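Written out below as structure tokens is the structure these notes cover.
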Ligand SMILES: [Zn+2]
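Numbering (mature numbering (1 follows the signal peptide of the UniProt record, and there is no 0)), first residue to last: -31 to -1, 1 to 674.
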């Protein structure tokens, strides 16, 4: 291989691609950012409160201690009308798997008898009689009772109870109580209807509760509607859809601004005072039942912004005991009042989610960006509702913000980035590189995906409290107020995001290292990357160069790539095609020169810390002295067992990315004839196209909220 290289005396200096045939392909790089979740809190009229249920018949469950949450899924006929592949996906995989996780994660504190729902009233006027737990409709019950868009089957309904207009004569009427749904704590009506919301909000699914039981106000029924056009049966989109479905059902079970006023303490007492009606006060301006300060408090932060100034930044924090404890522990901030709720994104996103700036990839933040995890914080809020116990062994590890202290969680991201720069530390988990052509590639926080910093220019100035930059290289001072992160609900704080490639609007692949299907075609594999279950994201010190005879090609977007690694007693080994390289210390440079299909790839990779990926790493005194990177032919590599620590996160891939598109015309299909003479016309054409890139690169920003 080396001889082949040195034999090539003439090395052209360019970033160019040559070939007898040159086919231009248009690829769009999209950051994986699904539209914000707007959990629409159901209106007062849509929800039936204080539904009286008979006590549980103890024989129905295996043991009185078996309080595991039981969710009964009832599929609406609309699901059966979905195309076969989507129907199978929904019924055989998506919902069974989501429900299985939630049932294992939660148990109920108090069981109830068969879920038998209350009927809606014809006029939305109802009455209650002293000493009678039932709800009476004034004059008539509605012909049908709905839970969201779904019509509740008659056999799930109680007998209609009505009072005359004067309220004097009251009694049951019509068919008797149905059998209800026995042996379940929550009935979930699942539909697949193209509702108005589906068209308006570009969403996969939405869900909410519709009836709450009388004793603890726990939701006993809810719905989840899937927007048929947005259901994707592509396997690589499954994990994202699954986490969306779990996210939505968690809204229906308890994490909802419409339910905060109904939370109870561990003794079963309401955390918010009630009127004689049994309900808390209703806040007309919010359109929500008003919670007390035992649930949520408004706090004010001193917030650093551009120009050395500070403003007041007001936020709502959830202050229930377990959430406070978990938040303090997660961020390592003992004075933290509680966990901040989302303050942006409009009704539906704000207050119904964790603050995106602070818990970026937590699954209960308001948009799906990357690598979603259900953390201890989400389990804690469900426990603090007073309705459930949580099984914390099912919480997933959340790295974002972990241990970063009060300066991270109680200050603006400007304060954090400035402090990190002063200490000569990286500004992670934020970033400060403008997303522009050529892209400076980086790694996602967990180092399992290639990523790009989402700092971008907005067409207008950002609100003052979200202007964070005093200087950005190559940006004029009067433009700085328009620069911020692409994810608005993260308080416009910029951070690195994984992304996906789209060709003519069609999803091609994404930048997650652990999926073999993301492997680029060889003619586009500029960095000799390898995607697969053992691969991680590594930084490149310089752009890789592909060489063949007198040709050289490189890719202007560089900075990181996916490479296979393994762990052994010697430490971390990196593989590039047929070569292996031992990383002895973090930051060590690996000079890579490998040959694949008549091309030689030259580049330099940067070693991560062995402890980032391996359980057992050599101690400093056990390390071999290193001056240069060692490269061993693959056959001689140490074949130690691969560390199970390599897998740190399940794949939660972003899908249906619609937030922004960065079009790049720079990818060429090449049909190569090794060492044939270069057609001058092709060079000229390519150089011409390359020079047009800055003109053609377009940034289309769409707000998903
Ligand atoms: Zn949501």
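The C-beta atom is built at its ideal place from N, Cα and C for all residues, glycine as well. All values derive from a computational prediction rather than experimental measurement.
Cβ of residue i within 9 angstroms of any chain B Cβ
{"i": "residue 203", "result": "Looking at the structure shown, chain B is missing, and only one protein chain is on hand."}
Local Cβ density within 10 Å of residue i, reported as buried at 16 or more and exposed below that
{"i": "residue 480", "result": "buried"}
{"i": "residue 551", "result": "buried"}
{"i": "residue 588", "result": "exposed"}
{"i": "residue 174", "result": "buried"}
{"i": "residue 433", "result": "exposed"}
{"i": "residue 605", "result": "Reliability of the predicted coordinates at residue 605 is poor, the pLDDT of 31 falling under 50, and no value is obtained from them."}
{"i": "residue 204", "result": "exposed"}
{"i": "residue 124", "result": "exposed"}
{"i": "residue 469", "result": "buried"}
{"i": "residue 40", "result": "buried"}
{"i": "residue 567", "result": "exposed"}
{"i": "residue 221", "result": "buried"}
{"i": "residue 133", "result": "exposed"}
{"i": "residue 401", "result": "buried"}
{"i": "residue 24", "result": "exposed"}
{"i": "residue 521", "result": "buried"}
{"i": "residue 336", "result": "buried"}
{"i": "residue 560", "result": "exposed"}
{"i": "residue 193", "result": "buried"}
{"i": "residue 187", "result": "buried"}
Spatial distance of residue i from residue j (CA atoms)
{"i": "residue 467", "j": "residue 419", "result": "6 angstroms"}
{"i": "residue 577", "j": "residue 154", "result": "48 angstroms"}
{"i": "residue 610", "j": "residue 374", "result": "Only weak support is given to the placement of residue 610: the predicted model assigns it a pLDDT of 30, under 50, and the question is left unresolved by the model."}
{"i": "residue 35", "j": "residue 151", "result": "15 angstroms"}
{"i": "residue 165", "j": "residue 172", "result": "11 angstroms"}
{"i": "residue -28", "j": "residue 411", "result": "The predicted position of residue -28 is uncertain, since its pLDDT is 27 and thus under 50; a value taken from the coordinates is nonetheless stated next. So the two alpha carbons sit approximately 32 angstroms from each other."}
{"i": "residue 492", "j": "residue 553", "result": "32 angstroms"}
{"i": "residue 239", "j": "residue 42", "result": "29 angstroms"}
{"i": "residue 46", "j": "residue 428", "result": "46 angstroms"}
{"i": "residue 272", "j": "residue 437", "result": "10 angstroms"}
{"i": "residue 104", "j": "residue 65", "result": "34 angstroms"}
{"i": "residue 415", "j": "residue 574", "result": "18 angstroms"}
{"i": "residue 168", "j": "residue 139", "result": "43 angstroms"}
{"i": "residue 56", "j": "residue 211", "result": "14 angstroms"}
{"i": "residue 116", "j": "residue 78", "result": "24 angstroms"}
{"i": "residue 444", "j": "residue 475", "result": "33 angstroms"}
{"i": "residue 256", "j": "residue 528", "result": "48 angstroms"}
{"i": "residue 301", "j": "residue 100", "result": "50 angstroms"}
{"i": "residue 442", "j": "residue 422", "result": "14 angstroms"}
{"i": "residue 405", "j": "residue 508", "result": "19 angstroms"}
{"i": "residue 494", "j": "residue 563", "result": "13 angstroms"}
{"i": "residue 258", "j": "residue 383", "result": "35 angstroms"}
{"i": "residue 118", "j": "residue 9", "result": "13 angstroms"}
{"i": "residue 22", "j": "residue 180", "result": "11 angstroms"}
{"i": "residue 450", "j": "residue 15", "result": "43 angstroms"}
{"i": "residue 98", "j": "residue 106", "result": "11 angstroms"}
{"i": "residue 599", "j": "residue 390", "result": "Note that residue 599 scores 42 on pLDDT, short of 50, meaning its location in the model is unreliable; the coordinates nonetheless yield the value given after this. Going by the C-alpha atoms only, they are around 33 angstroms apart."}
Heavy atom of ligand 1 within 8 angstroms of residue i beta-carbon
{"i": "residue 227", "result": "no"}
{"i": "residue 217", "result": "yes"}
{"i": "residue 335", "result": "yes"}
{"i": "residue 318", "result": "yes"}
{"i": "residue 321", "result": "yes"}
{"i": "residue 167", "result": "no"}
{"i": "residue 196", "result": "no"}
{"i": "residue 139", "result": "no"}
{"i": "residue 586", "result": "no"}
{"i": "residue 220", "result": "yes"}
{"i": "residue 8", "result": "yes"}
Rounded distance between the beta-carbons of residue j and residue i, thought under 8 angstroms
{"i": "residue 367", "j": "residue 299", "result": "7 angstroms"}
{"i": "residue 349", "j": "residue 291", "result": "4 angstroms"}
{"i": "residue 684", "j": "residue 582", "result": "Absent from the model: residue 684. The displayed extent of the chain is -31 to 674, so no value can be given."}
{"i": "residue 462", "j": "residue 326", "result": "5 angstroms"}
{"i": "residue 44", "j": "residue 60", "result": "6 angstroms"}
{"i": "residue 369", "j": "residue 328", "result": "6 angstroms"}
{"i": "residue 311", "j": "residue 458", "result": "6 angstroms"}
Assess, as a yes-or-no matter, whether the segment 338 to 345 is touched by the segment 238 to 252 under the definition of 3 or more beta carbon pairs within less than 8 angstroms. no
Segment contact flag, the segment 81 to 93 with the segment 196 to 204, C-beta cutoff 8 angstroms, min 3 pairs: no
Measuring CB atoms only, is the segment 499 to 510 touching the segment 483 to 491, in the sense that at least three cross pairs come out at less than 8 angstroms? yes
Three-pair Cβ contact test at 8 angstroms for the segment 67 to 75 versus the segment 210 to 219: yes
Would you check if there are 3 or more beta carbon pairs closer than 8 angstroms linking the segment 357 to 364 to the segment 260 to 267? no
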